[in-house]
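Q: Chains A and B, in that order, are what the protein sequence lines are.
Under the numbering used here, the first residue of the first sequence carries the number 64, and numbering increases by one thereafter.
Under the numbering used here, the first residue of the second sequence carries the number 64, and numbering increases by one thereafter.
Number of protein chains: 2
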Amino acid sequence: MATDRRTAILEAAARTLTRRGVRGLRVDELAAEAGVSTALVYYHFKDRSGLLRRTLEFLTDRARQYTAGQNGAAAPADPRVLLELALLGGLPDTPGVPDTPGVPDDSTAWSELRAGAVFEPELRAALAEAGAARVREVTGLLARVRPAAGPTELSSSAERLTALREGLDARRLGGVLHPRHARALMREAIGVEIAHLSRAVRPNQPVQPTQPTQPVDASTPPPQFD
Amino acid sequence: MATDRRTAILEAAARTLTRRGVRGLRVDELAAEAGVSTALVYYHFKDRSGLLRRTLEFLTDRARQYTAGQNGAAAPADPRVLLELALLGGLPDTPGVPDTPGVPDDSTAWSELRAGAVFEPELRAALAEAGAARVREVTGLLARVRPAAGPTELSSSAERLTALREGLDARRLGGVLHPRHARALMREAIGVEIAHLSRAVRPNQPVQPTQPTQPVDASTPPPQFD
DNA sequence: GTCTATAACGGGATAGAC
DNA sequence: GTCTATCCCGTTATAGAC
Chain A
64 MATDRRTAIL EAAARTLTRR GVRGLRVDEL AAEAGVSTAL VYYHFKDRSG
114 LLRRTLEFLT DRARQYTAGQ NGAAAPADPR VLLELALLGG LPDTPGVPDT
164 PGVPDDSTAW SELRAGAVFE PELRAALAEA GAARVREVTG LLARVRPAAG
214 PTELSSSAER LTALREGLDA RRLGGVLHPR HARALMREAI GVEIAHLSRA
264 VRPNQPVQPT QPTQPVDAST PPPQFD
Chain B
64 MATDRRTAIL EAAARTLTRR GVRGLRVDEL AAEAGVSTAL VYYHFKDRSG
114 LLRRTLEFLT DRARQYTAGQ NGAAAPADPR VLLELALLGG LPDTPGVPDT
164 PGVPDDSTAW SELRAGAVFE PELRAALAEA GAARVREVTG LLARVRPAAG
214 PTELSSSAER LTALREGLDA RRLGGVLHPR HARALMREAI GVEIAHLSRA
264 VRPNQPVQPT QPTQPVDAST PPPQFD
């Protein structure tokens, strides 16, 4: 599978990241998993955080690869189906086990990297790019489902859907939310956002204003939500 | 402020957690911050993960306290405003600085604890309870805004909104999303969900089906989204 | 490029006095 | 209950041979 050792290390890093998280990632454990010495890891990646950064890029490439393969062969499918596949894909019933054989489940690794980026600024750039790519992908699919919607509304919806997906992932991986329920909530959210985009171009139904009218930064003390 | 040392340690732990994260939390650093010795920390909290668990409970109490104070004095406000305060509160323009003086910003700490729970199962129970409490709070407020909506729809909307808030927090804290934009997206999401709840009880507007019709577990290979 | 061996150190945890 | 002092283990990272 891995042509050279460098790639083998990155694959092992991705697996170990899923299994132990950023915090639990031990260089010697991943080296053993890759079948190499720890020294070789440092030779190729300078230090631990360099390895982490490269692993993130490796996962980005892998994600792109599967997404591309998806849009290729069985191409002209219903955009709504593609959208659901894009947002529900990798939401397995049992964490660690991919919902489709052959496609690795990297959601744990991504979740960890996102959390790790809060205190490791050198991860941010790569993470931001990966996040932006996903938003672009979802925006594009939404545009195919609702061509009449404006670009701002489309990208806002895409941002909400991807952020929701990430929030659901965190809850699910933390054992707080059942995977099936996460899936159901995500699927509903897609419907809700699509309905919203429909209304956005047909203003003849004055249901509820999307933008709230009253300011929020009132002088009343806000609750400590988080 | 802190009547006894134990509380002082917990307050220091919360602050240090915000500043360094779960991974970066050093027992001696927090002890110094609390003005006590490391030994005393171990005396009161057995070990590091015990301290983490108690800190989570401490933060839960603190959140409840502020939420309660909110619903108290200036009570009978517009439920929509209360809802926005509940979901937008603690979304400051600059992380670490509370959007309201006197109310500590614990969003970083919560985000860290959620991520930490993935690989520290002993945190899960307390975390799940805190999450459920927030969902209940939001469900209650939504019910006041849309009394005609069914309980299932209300709690699903609440779950989506809280999970979205958490996802936005993660992105914002990772430096990937501008705080103002996070706020705007969250505010819009509230409008979108309320509109959805309105439609749920007025089926005379056949806009778009909330529940998608086609199954997702097709045999086509899904993309590797995450 | 890859290994073995080891240096160097950070930080969790405890012993024992007060 | 609280402190000082210290142990000691796990982990990162490097030196140097092949």
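Note that beta-carbon positions come from the ideal geometry of N, C-alpha and C, so glycine has one too.
None of these values were measured; they are calculated from a predicted model.
Going by C-alpha distance, which of Arg82(B), Asp67(B), Ala75(B), Arg68(B) is nearest glutamate 183(A)?
A: Position 120 of the first sequence, counted from the first residue, corresponds to residue 183(A). Ranking the options by Cα distance to glutamate 183(A), first place goes to Arg82(B).
Q: Closer than 7 Å by C-beta to leucine 231(A): which residues in its own chain qualify, once you throw out the five before and the five after it? Chain order, please.
A: Residue numbering aside, residue 231(A) sits at position 168 when the first sequence is read from its first letter. Closer than 7 Å at the Cβ level, and outside the excluded window around leucine 231(A), lie Leu240, Ala245, Leu248, Met249.
Q: Just reading off the alpha helix (DSSP H) that aspartate 91(A) is part of, what are its end residues?
A: Numbered from 1 along the first sequence, position 28 holds the residue referred to as residue 91(A). First-last of the alpha helix (DSSP H) with aspartate 91(A): 90–97.
Q: Leaving out five residues on either side along the sequence, give the residues of the same chain with a beta carbon under 8 Å from the beta carbon of tyrosine 129(A).
A: To locate residue 129(A), count along the first sequence from 1; it is residue 66. For tyrosine 129(A), where only same-chain residues beyond five positions count, the Cβ hits under 8 Å are Val166.
Q: Which residue marks the beginning of the alpha helix (DSSP H) containing valine 255(B), and which one marks its end?
A: Numbered from its first residue, the second sequence carries residue 255(B) at position 192. DSSP places valine 255(B) in the uninterrupted alpha helix (DSSP H) bounded by 242–264.
Q: Does any C-beta atom of chain B lie closer than 8 Å to the C-beta of arginine 116(A)?
A: As a position in the first sequence, residue 116(A) is number 53, starting the count at 1. Not one chain B Cβ lies under 8 Å of arginine 116(A).
Q: Between the Cα of arginine 86(B) and the Cα atoms of Ala76(A), Ala178(A), Arg111(A), which residue gives the shortest distance?
A: By 1-based counting over the second sequence, the position of residue 86(B) is 23. The shortest C-alpha separation from arginine 86(B) is found at Ala178(A).
Q: Taking CB distances under 8 Å as the criterion, tell me whether alanine 180(B) reaches chain A.
A: Residue 180(B) sits at position 117 when you count from the first residue of the second sequence. It does: the Cβ of alanine 180(B) has a partner Cβ on chain A nearer than 8 Å.
Q: From proline 164(B) to glutamate 92(A), what does the alpha carbon distance come to, in whole angstroms?
A: Looking up residue 164(B) in the second sequence gives position 101. Looking up residue 92(A) in the first sequence gives position 29. In a straight line, the C-alpha of proline 164(B) is about 46 Å away from that of glutamate 92(A).
Q: From glutamate 175(B) to aspartate 110(A), what distance separates their C-alpha atoms?
A: The sequence position of residue 175(B) within the second sequence is 112, counting from 1. The sequence position of residue 110(A) within the first sequence is 47, counting from 1. The straight-line gap from Cα to Cα measures roughly 24 Å.
Q: Exposed or buried, what is serine 220(A) when buried is set at 16 or more other beta-carbons lying within 10 Å of its beta-carbon?
A: Position 157 of the first sequence holds residue 220(A). Burial check for serine 220(A): the Cβ neighbour count within 10 Å reaches 16 or more, so the residue is buried.
Q: Report all residues from its chain with a CB closer than 7 Å to the CB of alanine 172(A); omit the five preceding and five following residues, and keep chain order.
A: As a first step, residue 172(A) is located in the first sequence; it is residue number 109 there, counting from the start. These residues qualify, in order along the chain: Ala77, Leu80, Thr81, Leu122.
Q: State the DSSP-derived secondary structure class of valine 201(A), mapped to helix, strand or coil.
A: To locate residue 201(A), count along the first sequence from 1; it is residue 138. In the structure shown, valine 201(A) sits in a helix (DSSP, three-state: H, G or I).
Q: Taking 8 Å as the threshold (beta carbon to beta carbon), is leucine 231(B) in contact with chain A?
A: Residue numbering aside, residue 231(B) sits at position 168 when the second sequence is read from its first letter. Chain A contact via Cβ: present.
Q: Taking C-beta pairs closer than 7 Å, name the residues in chain A that serine 219(B) reaches, listed in chain order.
A: On the second sequence, residue 219(B) is found 156 positions in, with the first residue counted as 1. Close to serine 219(B), with beta-carbon spacing below 7 Å, are these residues of chain A in chain order: Leu248, Glu251.
Q: Alpha carbons only, please: which of Leu115(A), Ile257(A), Val104(A) is nearest the one belonging to glycine 84(A)?
A: Numbered from its first residue, the first sequence carries residue 84(A) at position 21. Nearest of Leu115(A), Ile257(A), Val104(A) to glycine 84(A), Cα basis: Leu115(A).
Q: Looking at the secondary structure, which residues open and close the alpha helix (DSSP H) in which alanine 71(A) lies?
A: Here residue 71(A) is taken as the residue at index 8 of the first sequence, counted from 1. Taken as a continuous stretch (DSSP letters only), the alpha helix (DSSP H) holding alanine 71(A) covers 68–87.
Q: Hey, how far is the Cα of asparagine 267(A) from the Cα of alanine 258(A)?
A: In the first sequence, the residue the question calls residue 267(A) occupies position 204. In the first sequence, the residue the question calls residue 258(A) occupies position 195. Here asparagine 267(A) scores only 48 on pLDDT, less than 50, and its place in the model should not be relied on; the value that follows carries that caveat. Approximately 14 Å between the Cα atoms of the pair.
Q: Please report how far the alpha carbon of glutamate 96(A) lies from the alpha carbon of alanine 211(A), in whole angstroms.
A: Here residue 96(A) refers to the residue found at position 33 of the first sequence. Here residue 211(A) refers to the residue found at position 148 of the first sequence. Glutamate 96(A) and alanine 211(A): Cα-Cα distance of roughly 51 Å.
Q: Using beta carbons (cut-off 8 Å, strictly below), is serine 112(B) in contact with chain A?
A: To locate residue 112(B), count along the second sequence from 1; it is residue 49. It does not: the Cβ of serine 112(B) has no partner Cβ on chain A nearer than 8 Å.
Q: May I have the straight-line CA-CA distance separating glutamate 256(B) from alanine 226(B), to the nearest angstrom?
A: The residue you call residue 256(B) lines up with position 193 of the second sequence. The residue you call residue 226(B) lines up with position 163 of the second sequence. Within the model, the alpha-carbon separation for glutamate 256(B) versus alanine 226(B) is close to 13 Å.
Q: Within a Cβ cutoff of 6 Å, which residues of the same chain sit near alanine 233(B), ignoring the five residues on either side of it in sequence?
A: Translated into the one-based positions of the second sequence, residue 233(B) becomes position 170. Cβ within range, chain order: Ser174.
Q: Starting from proline 298(B), trace the alpha helix (DSSP H) both ways and give me its first and last residue.
A: Lying outside 64 to 289, the shown extent of chain B, residue 298(B) is not represented and no answer is given.
Q: Taking only three categories from DSSP, how would you classify aspartate 124(B)?
A: Taking the first residue of the second sequence as 1, we reach residue 124(B) at position 61. Aspartate 124(B) falls in the helix class under three-state DSSP.
Q: Counting beta carbon pairs with one atom in the stretch 189–202 of chain B and one in the stretch 193–209 of chain A, are three or more of them shorter than 8 Å?
A: no
Q: Please report the distance separating the alpha-carbon of glutamine 287(A) from that of alanine 149(B).
A: As a working note, residue 287(A) is residue 224 in the first sequence. As a working note, residue 149(B) is residue 86 in the second sequence. With a pLDDT of 31 at glutamine 287(A), under the threshold of 50, the modelled position of this residue cannot be trusted; read the value that follows with caution. Between glutamine 287(A) and alanine 149(B), the C-alpha separation is close to 8 Å.
Q: DSSP three-state label for serine 220(B), please.
A: Against the second sequence, residue 220(B) aligns to sequence position 157. Reduced to three states, the DSSP call for serine 220(B) is helix.
Q: Identify the contact partners of alanine 77(B) in chain A, using a Cβ-Cβ distance below 7 Å as the criterion.
A: Position 14 of the second sequence, counting from 1, holds the residue named residue 77(B). What alanine 77(B) touches in chain A: nothing, since even the nearest Cβ is about 12 Å away.
Q: Got a sec? Which residues, its chain only, sit under 7 Å from alanine 263(A) by beta carbon, not counting five neighbours each side?
A: In the first sequence, the residue the question calls residue 263(A) occupies position 200. Only Ala212, Gly213, Glu216 meet the Cβ criterion.
Q: For proline 228(B) and aspartate 168(B), I'd like the C-alpha separation in whole angstroms.
A: Position 165 of the second sequence, counted from the first residue, corresponds to residue 228(B). Position 105 of the second sequence, counted from the first residue, corresponds to residue 168(B). Checking the sequence, you will find arginine at residue 228(B) rather than proline. The alpha-carbon atoms of arginine 228(B) and aspartate 168(B) are separated by roughly 14 Å.
Q: For the alpha helix (DSSP H) that glutamate 175(B) lies in, which residues bound it at each end?
A: The count along the second sequence starts at 1 and reaches residue 175(B) at position 112. First-last of the alpha helix (DSSP H) with glutamate 175(B): 170–180.
Q: Compare the Cα-Cα distances from glycine 194(B) to each of Glu120(A), Gly238(A), Glu147(A), Ser218(A) and report the closest residue.
A: Counting from one through the second sequence, the residue named residue 194(B) turns up at place 131. Closest option to glycine 194(B), Cα to Cα, is Gly238(A).
Q: Step through the CB atoms of chain B and report whether any lies within less than 8 Å of the CB of valine 90(A).
A: Position 27 of the first sequence, counted from the start, is the residue given in the question as residue 90(A). Valine 90(A) does not count as touching chain B.
Q: How would you call serine 170(A), buried or exposed, if buried means at least 16 neighbouring beta carbons within 10 angstroms?
A: Along the first sequence, read from residue 1 onward, the residue named residue 170(A) stands at position 107. When all chains shown are included, serine 170(A) counts as buried.
Q: Using the Cα positions of glycine 254(B) and arginine 89(B), report the straight-line distance between them to the nearest angstrom.
A: To locate residue 254(B), count along the second sequence from 1; it is residue 191. To locate residue 89(B), count along the second sequence from 1; it is residue 26. Looking at the two C-alpha atoms, the distance is approximately 42 Å.
Q: Does chain B have any CB closer than 8 Å to the CB of leucine 190(A)?
A: The residue you call residue 190(A) lines up with position 127 of the first sequence. For leucine 190(A), the answer is yes, since a Cβ of chain B falls inside 8 Å of its Cβ.
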